[in-house]
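Chains A and B, in that order, give the protein sequences.
Numbering follows the UniProt record's numbering, in which position 72 of the first sequence is assigned residue number 72; successive positions increment by one, without gaps.
Numbering follows the UniProt record's numbering, in which position 76 of the second sequence is assigned residue number 76; successive positions increment by one, without gaps.
There are 2 protein chains.
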Amino acid sequence: MNAEIIAVGSELLLGQIVNTNAKFISAVLADIGINVYYHTVVGDNPLRLKECMEIAESRSDLIIFTGGLGPTKDDLTKETIAKHIGAALVSDEDALRSIEDYFKKVDRPMTENNKKQALVLKGAVVLPNDHGMAPGMYLKSDKNAYMLLPGPPKEMEPMFSNYGRDVLLDALEIHEKIESRVLRFFGIGEAQLETDIIDLIDSQSNPTIAPLATDGEVTLRLTAKDPSAEKAKSLLDDVEMKIMEKVGKFFYGYDDTSLIVELFKKLQEKKLTIACAESLTGGMFQSDLTSISGASAIFNGGIVCYSNDVKVHHVGVKQETLDDAGAVSEQCAVELAEGIRNKFASEIGISFTGAAGPEALEGHPPGTVLVGISLPNREAKAFKLMIPGSRNNVRARAVKYGCHILLNELQ
Amino acid sequence: MNAEIIAVGSELLLGQIVNTNAKFISAVLADIGINVYYHTVVGDNPLRLKECMEIAESRSDLIIFTGGLGPTKDDLTKETIAKHIGAALVSDEDALRSIEDYFKKVDRPMTENNKKQALVLKGAVVLPNDHGMAPGMYLKSDKNAYMLLPGPPKEMEPMFSNYGRDVLLDALEIHEKIESRVLRFFGIGEAQLETDIIDLIDSQSNPTIAPLATDGEVTLRLTAKDPSAEKAKSLLDDVEMKIMEKVGKFFYGYDDTSLIVELFKKLQEKKLTIACAESLTGGMFQSDLTSISGASAIFNGGIVCYSNDVKVHHVGVKQETLDDAGAVSEQCAVELAEGIRNKFASEIGISFTGAAGPEALEGHPPGTVLVGISLPNREAKAFKLMIPGSRNNVRARAVKYGCHILLNELQ
Numbered sequence: 001m002n003a004e005i006i007a008v009g010s011e012l013l014l015g016q017i018v019n020t021n022a023k024f025i026s027a028v029l030a031d032i033g034i035n036v037y038y039h040t041v042v043g044d045n046p047l048r049l050k051e052c053m054e055i056a057e058s059r060s061d062l063i064i065f066t067g068g069l070g071p072t073k074d075d076l077t078k079e080t081i082a083k084h085i086g087a088a089l090v091s092d093e094d095a096l097r098s099i100e101d102y103f104k105k106v107d108r109p110m111t112e113n114n115k116k117q118a119l120v121l122k123g124a125v126v127l128p129n130d131h132g133m134a135p136g137m138y139l140k141s142d143k144n145a146y147m148l149l150p151g152p153p154k155e156m157e158p159m160f161s162n163y164g165r166d167v168l169l170d171a172l173e174i175h176e177k178i179e180s181r182v183l184r185f186f187g188i189g190e191a192q193l194e195t196d197i198i199d200l201i202d203s204q205s206n207p208t209i210a211p212l213a214t215d216g217e218v219t220l221r222l223t224a225k226d227p228s229a230e231k232a233k234s235l236l237d238d239v240e241m242k243i244m245e246k247v248g249k250f251f252y253g254y255d256d257t258s259l260i261v262e263l264f265k266k267l268q269e270k271k272l273t274i275a276c277a278e279s280l281t282g283g284m285f286q287s288d289l290t291s292i293s294g295a296s297a298i299f300n301g302g303i304v305c306y307s308n309d310v311k312v313h314h315v316g317v318k319q320e321t322l323d324d325a326g327a328v329s330e331q332c333a334v335e336l337a338e339g340i341r342n343k344f345a346s347e348i349g350i351s352f353t354g355a356a357g358p359e360a361l362e363g364h365p366p367g368t369v370l371v372g373i374s375l376p377n378r379e380a381k382a383f384k385l386m387i388p389g390s391r392n393n394v395r396a397r398a399v400k401y402g403c404h405i406l407l408n409e410l411q
Numbered sequence: 001m002n003a004e005i006i007a008v009g010s011e012l013l014l015g016q017i018v019n020t021n022a023k024f025i026s027a028v029l030a031d032i033g034i035n036v037y038y039h040t041v042v043g044d045n046p047l048r049l050k051e052c053m054e055i056a057e058s059r060s061d062l063i064i065f066t067g068g069l070g071p072t073k074d075d076l077t078k079e080t081i082a083k084h085i086g087a088a089l090v091s092d093e094d095a096l097r098s099i100e101d102y103f104k105k106v107d108r109p110m111t112e113n114n115k116k117q118a119l120v121l122k123g124a125v126v127l128p129n130d131h132g133m134a135p136g137m138y139l140k141s142d143k144n145a146y147m148l149l150p151g152p153p154k155e156m157e158p159m160f161s162n163y164g165r166d167v168l169l170d171a172l173e174i175h176e177k178i179e180s181r182v183l184r185f186f187g188i189g190e191a192q193l194e195t196d197i198i199d200l201i202d203s204q205s206n207p208t209i210a211p212l213a214t215d216g217e218v219t220l221r222l223t224a225k226d227p228s229a230e231k232a233k234s235l236l237d238d239v240e241m242k243i244m245e246k247v248g249k250f251f252y253g254y255d256d257t258s259l260i261v262e263l264f265k266k267l268q269e270k271k272l273t274i275a276c277a278e279s280l281t282g283g284m285f286q287s288d289l290t291s292i293s294g295a296s297a298i299f300n301g302g303i304v305c306y307s308n309d310v311k312v313h314h315v316g317v318k319q320e321t322l323d324d325a326g327a328v329s330e331q332c333a334v335e336l337a338e339g340i341r342n343k344f345a346s347e348i349g350i351s352f353t354g355a356a357g358p359e360a361l362e363g364h365p366p367g368t369v370l371v372g373i374s375l376p377n378r379e380a381k382a383f384k385l386m387i388p389g390s391r392n393n394v395r396a397r398a399v400k401y402g403c404h405i406l407l408n409e410l411q
């Protein structure tokens, strides 16, 4: 069983966007044991799309298309495929209803071309779109199987993970169970992590261990195959235990979690509220925290104290601290954390101050970050970090370090 | 003149990395007027690479390869191409010397397989690698032209920008100038925008007009070609004027800008400071604003007023407003905007309150958003929005609407 992914969209060929969809789908297919031999990108052009289809049909069993399912004139993937394989396009009632609901909700008139999005290949399994309008679909012909997915990643990714993957497992009668698990690490580099567990990586093929570094984190993806799901899981458990023996102190969570989600869960579990004073991060920690549904149980609010004036008058930093040590100092971070904790009557205060860059601040080079933590019945502390990279890398990484430090303090 | 980009590397097909090289090269080619009709990705497999080459030779004039030029066993792009087109591989003296220099510099012994990297196709123009070892090359045969570039983006990008692009301009004797411009719109859907200007899209091919929807915004990319750059620009001006007549009220900026950047520039230009009170957006507006270097000139800080208690005690919303109208109300948005403006001594106050979801709040469905604006010498106002989508879509879209509303108010 081998697959090819065809992305349709002139914006890809013009270099306006990157084909992240092919990467996402390929990683999922690798997990479930389907070999991907080709990615193709073709523009919004029916003739060239048809030619790419013919090439793909001759060399691949499964062809997955992304893009070109929208309402506009240059969205023509569905129509081109329908014509090529001789399938009719029929309106899908569920899809049409959800498009109509969308327009009612936003109180905008639904234009005629939006109905086009509800058309599906006759006989296809329809994949619901929980984050947009155009549904996906899967259709098997005598020789090939076709899956059509929308182009925007925020629609495509959940559709493929939640529906497309299962349809493929069913349709292809994959009986071997594939279990995978992602272990997430923070505070260790990819090269170091790999060095620490190189004997494990080299000595076995089931489960496989695949390291990946992204956004300052390192993940290990473990994938085990076995006719019995139980057995596959226990293979994962065994290798996880061996990995933890070596690098467990950097581990923070499984699969799709994140540092902020783990922090939220910890605060919820311990019934603690948190308040935040943010200088260089400018609200990012609080924005991340409130991106989680239910945040109001552990968070009342905080202050973005970008100027020194706000640090003094609204959070309670002493003027002499700023005069003597400056805003980029451990003392300032400590007073911000204590001040915000008191002002917002929370159990925990956390603060972020420092030099995000591109310029130095008060003589401190960009990337100098202080995280302040104030906890009940303990003296407030500051943690100093040096974070490399651009202004926004420094800010985002500072927020992750803040979560990581607080998680450790709460152990 | 049309081109195809073939990326060679099994790590792309396994979903371990994204093919950013194709985007980078495509954007440069679009600028110099070479049409890219296909991207292909193929693994480190000589047979499949050869088949991809044959397909590319039949449909594309120029074939650009990335990847597979390194020292290891599975780097086989050069060897496969040499065999396929019947060209000899010869050692390039400059390349060999720079590889030897590299090993002297890092004080490591040069292994035999590293010499392989200095081999180039006989007769090719050699492209120096200023950030790595493997040189690139360009070779023209009777029918096709071939360019080989290394895979790592930090080697490939400068090589292509500094050497590859000029070689192509020379070799292809390109005299026509290409000008492009992106117009950015907010507050109108892609289908509606296209409907409004469909006659323009249909009636002309120079400039071309390409709509693209991303993150609640719609862009139109205009591309004009003419032997004279002046003329190409004036073609863009003409069609831009016609577009603006129809949908100008939704236009907010050109090319790579964003709503928050436009707002920042406007505040800077008018020398106005802003303070912010955020409930449902939880700090996102302030985080976005402070992602811009120089934000301190127009922003002192603000409050994340997630709980009602913080709204009353730290921003100055009247308790009776919350009792009577609730937190998801125009009155609350107005008092938040006025309150934060006064407390933080800024010229402008902006506020965000509402129901982000997934649950309704105070009987208001998810997506109900109120943006409050308080300006000097004007009565504060609130704007009510209904934003569809997930919790985080609602929050992110609310921030964009806030920028858009304030930009309009400041006109």
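Quick reminder that beta carbons are idealized off the backbone N, C-alpha and C, glycines included.
For the pair residue 65(B) and residue 148(B), the CB atoms are nearer than the 9 Å cut-off. For residue 116(B), the number of other beta carbons within 10 angstroms of its own is at least 16, and it is reported as buried. In terms of Cα proximity to residue 392(B), the closest of 282(B), 289(B), 372(B) and 303(B) is 282(B).
Annotation for residue 2(B): the continuous beta strand (DSSP E) segment containing it runs 2–8. With 16 or more other Cβ atoms from the protein chains shown falling within 10 Å of its own Cβ, residue 290(A) counts as buried.
In this structure, the CA atom of residue 198(A) is about 22 Å from the CA atom of residue 30(A).
Under the DSSP assignment, residue 226(A) falls in the beta strand (DSSP E) whose first and last residues are 217–226. Within the region 83–116 of chain B, contact with chain A at the beta-carbon level (separation under 7 Å) is assigned to no residue. Distance between residue 259(B) and residue 75(B), taken at the CA atoms: about 44 Å. With respect to residue 41(A), residue 7(A) sits close: the two C-beta atoms are nearer than 9 Å. Cβ proximity to chain A below 9 Å picks out 23, 24, 25, 26, 27, 28, 29, 30, 31, 35, 36, 37, 38, 39, 40, 41, 42, 43, 45, 48, 51 and 52 from the region 23–54 of chain B. The beta carbon of residue 319(A) sits closer than 8 Å to those of 312, all from its chain and outside the five residues before and after it, given in chain order. The beta carbons of residue 91(A) and residue 124(A) sit no closer together than 9 Å. Taking the Cα of residue 276(B) as reference, the smallest distance to any Cα among 381(B), 171(B), 373(B) and 103(B) is reached at 373(B). Cβ-Cβ distances below 8 Å link residue 342(B) to 316 and 349 in the same chain, with the five nearest sequence neighbours on each side left out; the list follows chain order. Distances from the CA of residue 239(B) to each of 264(B), 130(B), 38(B) and 208(B) were compared; the closest alpha carbon is that of 208(B). As a beta-bridge residue in DSSP terms, residue 125(A) pairs with 138(A).
By the criterion of a C-beta distance shorter than 7 Å, residue 50(A) is surrounded in its chain by 80 and 84, once the five residues flanking it on both sides are discounted.
DSSP places residue 275(B) in the strand class (E or B) of the three-state scheme. From the listed residues 5(B), 330(B) and 159(B), the smallest Cα separation to residue 38(B) is found for 5(B). Within the region 293–321 of chain B, the residues whose Cβ lies closer than 8 Å to some Cβ of chain A are 293, 295, 296, 299, 300, 301, 302, 303, 304, 305, 306, 307, 309, 310 and 314, listed in chain order. In its chain, beyond the 5 residues on either side, 275, 300, 301 and 302 have a beta carbon closer than 7 Å to the beta carbon of residue 344(A).
Going by DSSP, residue 402(B) is part of the alpha helix (DSSP H) stretching over 391–409. Residue-level contact by beta carbon fails for residue 1(B) and chain A, as no gap is shorter than 9 Å. Look at residue 178(B) here: in three-state DSSP terms it is strand.
At least one CB of chain B lies nearer than 9 Å to the CB of residue 281(A).
Between residue 191(B) and residue 214(A) a beta carbon distance of about 34 Å is seen, past the 8 Å cut, so the two are scored as non-contacting. Three or more beta-carbon pairs separated by less than 8 Å link the region 379–395 of chain B to the region 350–359 of chain B, which places the two stretches in contact. Contacts with chain B at 9 Å (Cβ-Cβ) include residue 289(A). One Cα belongs to residue 232(A), the other to residue 184(A), and the distance between them is close to 20 Å. Partner residues in the beta bridge of residue 41(A), as assigned by DSSP, are 7(A) and 39(B). Chain B has no Cβ within less than 9 Å of the Cβ of residue 332(A). For residue 261(B), the CB contacts under 7 Å within the same chain, skipping 5 residues up- and downstream, are 292 in chain order. When rounded, the separation of the alpha-carbon atoms in residue 263(B) and residue 403(B) is 6 Å. In the displayed model, residue 373(A) falls within a strand according to three-state DSSP. Residues of chain A with a Cβ closer than 8 Å to the Cβ of residue 391(B) are, in chain order, 291 and 293.
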